[in-house]
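Remarks on the structure that follows.
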Amino acid sequence: MSANNESWGSRVGLILAMAGNAVGLGNFLRFPVQAVQNGGGAFILPYLICFLLMGIPLLFVEWSLGRFGGKLGNHSTPYILDSVSKKPIWKYIGVFGIFTNIAVVAYYTYIESWTFIYVFHSIVGTFTGMGKDEISLFFDNYVGLTGSDLGIPLLPVLVYVLVMGLNVYILSSGLGGIEKVAKIGMPLLILFGLILAFRGWTMGADFATAEFPDANAWDGINFLWTPQYSSLADPKVWLAAAGQIFFTLSVGMGSIQCYASYVKANEDIALNSITAGFTNELVEIVLGSAIVIPIAAGFLGMDWVLENAGFGMAFQTMPYLFQQWGPAFSMIAGVCWFGLLFFAGITSSLAMGTPWMGFMQDEFGWSKVKGAVSFGIIALIMGLPTVLFYKYGYFDEYDYWGGTVSLVIFALLETILFAWVFGMEKGWEEITRGADIRVPSFYKWIMKYITPALLLLVLLGALFTPVGNDWTSALGSLMDGHGYELDASSLISKISNADLKAQLLSNPEDTELL
Ligand code: PHE
Ligand code: NA
């Protein structure tokens, strides 16, 4: 219990802040890549099912837990969970809900800092007149993929620290600052997204060239939206879909609970949580799939997209493609794209800072400034290795443990706490108290049985993912009694750094490099 009785300024502010929390880099960078890598239309069905059976229930659980804890003066998951069950174990489990945020925000803010500097480059026209390879190399140079082994990429570190500082500054002004950023950032983000999506959707085959005669933006849209039922039996696709749902909705991390702990005791959470969740899905499904993929397909063809889908598209390919639209619109497109990413990013990174601040305030009476500054310092300490050694691909490890496995574990435990320890009857009362909509009562049953069962399956699937994510042969070898073997070539294929990959492929014995 602390003297902290802050609350959100208005309902619009709360919804925009929560939507801003959810809508993030995941919608624009992670979703399209996941969708393409998992078969486009094949991905969408498992994705939507995961949203309905895990996403929505978890939103209910986290909003309810948050508001419940907040009423008792608790604003971070250790104390929020403690307010539900006095068994000390829950308090410790709650610690997850602070530290995964810091682990994720550390690398997340780094990417956010790229978008920040790329807005600047778009405005000053850095990319004007550069060729495709040059723009791509520009990014590699920036993040330190090229150059000497231990050279410190000074500029990116500086921009990273600056953007972290901006987060700290906003956080130190409390909920009011967060609300203000969301009120400005969210509408702009949507406007920018609509401009780009419109341009993408109306491209058609206008930009097919001799080099890419088959380029057609509609191929990208069709690829994403023609359902393919075959993949429904593929565990790999389901895992990817579940992982994306978790990440994109910000569930399993403690940040929604923290935001919800500032909701007044009898204020609606049912409609608010659904509104914020659906806003995220709308932005992800409509805008997230209408920009990078169709635009890249419109210029370079769908085959190119399938081969090159990845992180690089956003920073290496897009600035080049925008140029094909002529000097004036290329600047607008660049500002829209990187500006959109920046707003998406910052409204999410702010959300990841609040659980730590809430905890320090409740437990030690720390001021906002002290909480925000200490958060920034810890995040920087955790993030700097990723920044300095980006070329060695720590990113993926980080994303896997910090951004996937721990979320699922935490989500499973909090669902058990809510539906079984607290009890689904009391839980249902929490969800529906003050509700402005009627929640379909079959969700009670889903939350008690289906959601935890699915979470357990996802967890087991994630922990025992076969090497190279190759389920068919892994299941085969299990039956042969061989189990999993370390397979260097599939590990190598996961490496994103082209130089290192080439080096390893030419000399596969040199496994020390891994
Ligand atoms: N949901 C955010 C995104 O899609 C990421 C995030 C996760 C933000 C957890 C806050 C907490 O990018
Ligand atoms: Na999201």
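In this text, residue positions in the sequence shown follow numbering that gives the first Met the number 0: the first is 0, and each later residue adds one. All residues carry an ideal CB built from backbone N, CA and C; glycine is no exception.
Spatial neighbours of Gly173 in its chain, beta-carbon cut-off 7 Å, leaving aside the 5 residues before and after: For the purposes of this step, residue 173 is taken as residue 174 along the sequence shown, with counting starting at 1. Answer for Gly173: Glu5 and Lys367, listed in chain order.
Open item on the list: Could you check whether the segment 163-179 touches the segment 369-384, counting it as contact only if at least three pairs of C-beta atoms, one from each stretch, sit closer than 8 Å?
Closed with: yes
key: Cut-off 6 Å between Cβ atoms - residues of its own chain near Asp479, not counting five sequence neighbours on either side   = For the purposes of this step, residue 479 is taken as residue 480 along the sequence shown, with counting starting at 1. Bear in mind that a pLDDT of 39 at Asp479, under 50, signals an unreliable position, so the model cannot answer this.
Note to self: Counting C-beta neighbours from all protein chains within 10 Å, is the total for Leu195 16 or more, i.e. buried, or is it exposed?
What the structure shows: The residue labelled residue 195 in the question sits at position 196 within the sequence shown. Leu195 is buried by the Cβ-count criterion.
Express the C-alpha separation of Gly352 and Ile491 in angstroms, rounding to a whole number. Position 492 of the sequence shown, counted from the start, is the residue given in the question as residue 491. Position 353 of the sequence shown, counted from the start, is the residue given in the question as residue 352. Reliability fails at Ile491, whose pLDDT of 41 lies under 50, so the model's placement of it is uncertain and no value is given.
Report buried or exposed for Trp113, applying the criterion of at least 16 other Cβ atoms within 10 angstroms of its Cβ. Position 114 of the sequence shown, counted from the start, is the residue given in the question as residue 113. Label assigned to Trp113: buried.
Can you find at least 3 beta carbon pairs, one from the segment 216-231 and one from the segment 40-56, that sit closer than 8 Å? yes
* **Complete runs of the alpha helix (DSSP H) confined to the segment 31-98 [at least 4 residues]** => 40-49, 55-70 and 76-83
Worksheet entry | Backbone secondary structure at Ser495 - three-state DSSP | For this step, residue 495 is matched to residue 496 along the sequence shown. At Ser495, the pLDDT of 45 sits below 50, so the modelled position is not reliable; the number obtained from the coordinates is stated separately. Note: Ser495 maps to coil in three-state DSSP.
Three or more C-beta pairs below 8 Å linking the segment 85-104 and the segment 275-286 = no
Please state whether DSSP places Lys263 in a helix, a strand or coil.
Here the question's residue 263 lines up with position 264 in the sequence shown. Lys263 falls in the coil class under three-state DSSP.
(Q) Following a CB-centred definition, is Val22 positioned closer than 7 Å to any heavy atom of the ligand NA? (A) Locating residue 22 in the sequence shown gives position 23, where the first residue counts as 1. Answer for Val22: yes, Cβ within range of the ligand NA.
Checklist entry - Excluding sequence positions up to five away, which residues of its chain have a Cβ less than 7 Å from the Cβ of Met163? => result In the sequence shown, the residue the question calls residue 163 occupies position 164. Thr108, Gly375, Ala378 and Leu379.
- Rounded separation between Gly314 and Asp139 - CA only: Along the sequence shown, one-based indexing puts residue 314 at 315. Along the sequence shown, one-based indexing puts residue 139 at 140. Correcting the residue identity first, residue 314 is Phe in this sequence and not Gly. Distance between the alpha carbons of Phe314 and Asp139: 10 Å.
> What is the DSSP secondary structure of Tyr228, reduced to helix, strand or coil?
Replying inline: Looking up residue 228 in the sequence shown gives position 229. Note: Tyr228 maps to coil in three-state DSSP.
Fill in: Of the listed residues Thr125, Leu462, Ala259 and Ile290, nearest to Trp7 (C-alpha basis)
For the purposes of this step, residue 7 is taken as the residue at position 8 of the sequence shown. Checking every option, the nearest Cα to that of Trp7 belongs to Ala259.
My parser needs the alpha helix (DSSP H) runs of 4 or more residues fully inside the segment 251-299; what are they? 254-259, 269-281 and 291-299
Are there 16 or more other CB atoms within 10 angstroms of the CB of Thr225, so buried, or fewer, so exposed? Within the sequence shown, residue 225 is the residue found at index 226, counting from 1. Looking at its Cβ environment, which holds fewer than 16 other Cβ atoms inside 10 Å, Thr225 is exposed.
- Query: Who are the Cβ neighbours of Met0 in its own chain at under 8 Å, not counting the five residues just before and after it?
  - Reply: Sequence index remark: in the sequence shown, residue 0 carries index 1 (1-based). Summary for Met0: the model assigns pLDDT 49, below 50, so the residue's position carries little reliability; its value from the coordinates is reported in the next sentence. Excluding positions up to five away in sequence, the list reads Leu71, Gly72, Asn73 and Asp361.
Open item on the list: I need the DSSP call for Gly219, collapsed to helix, strand or coil.
Closed with: Position 220 of the sequence shown, counting from 1, holds the residue named residue 219. In the structure shown, Gly219 sits in a helix (DSSP, three-state: H, G or I).
Practice prompt. Indicate whether the contact test is met: 3 or more Cβ pairs, each with one atom in the segment 202-215 and one in the segment 8-20, closer than 8 Å.
Written response: no
* To do: Please name the residue, chosen from Glu61, Ser440, Gly128 and Val160, that lies closest to Leu383 on a Cα-to-Cα basis.
  => As a working mapping, residue 383 is identified with position 384 in the sequence shown. The residue with the shortest Cα to Cα distance from Leu383 is Val160.
With three or more beta-carbon pairs closer than 8 Å as the criterion, would you say the segment 405-421 touches the segment 444-463?
yes
Residue nearest to Trp427 in terms of C-alpha spacing, selected from Lys443, Thr316, Pro155 and Gly433 | One-based indexing of the sequence shown puts residue 427 at position 428. The option with the nearest alpha carbon to Trp427 is Lys443.
May I ask you to report which of helix, strand or coil DSSP gives Gln322? The residue you call residue 322 lines up with position 323 of the sequence shown. DSSP places Gln322 in helix when its eight states are reduced to three.
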